[in-house]
Amino acid sequence: MMKLSELEITEELKKLEGWEVKDNKLHKEIQFESFNQAFGFMTRAAMEIEKMNHHPEWFNVY
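The sequence shown begins at -3 in my numbering and counts up by one.
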């Protein structure tokens, strides 16, 4: 996979609601109504992330 230029990143982020580059990392904050909803989302995302062999830095604060 080729690394995107800063211009390419800026253009691609325009297509994604709520995403930004923060401290040279992709960042999005998502709020859920309950811990169960947040944990469910993280579980579903983790299954896809594992398939990609990706290791994001993410947090769940309730």
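We put the beta carbon where it would ideally sit given N, CA and C, even for glycine.
Predicted model only: the values in this text are computed from it and were never measured.
| Check | Outcome |
| --- | --- |
| For E25, the first and last residue of its enclosing alpha helix (DSSP H) | Careful: E25 lies outside any alpha helix (DSSP H) and carries neither H nor E. |
| Contacting residues, own chain, Cβ-Cβ under 7 Å from I5 (five flanking each side not counted) | V17 |
| Residues near M38 in its chain [Cβ-Cβ closer than 8 Å; skip 5 each side] | W54, N56 |
| C-alpha distance - K24 paired with Y58, whole-angstrom precision | 16 Å |
| Through-space distance from N49 to L9, alpha-carbon basis | 22 Å |
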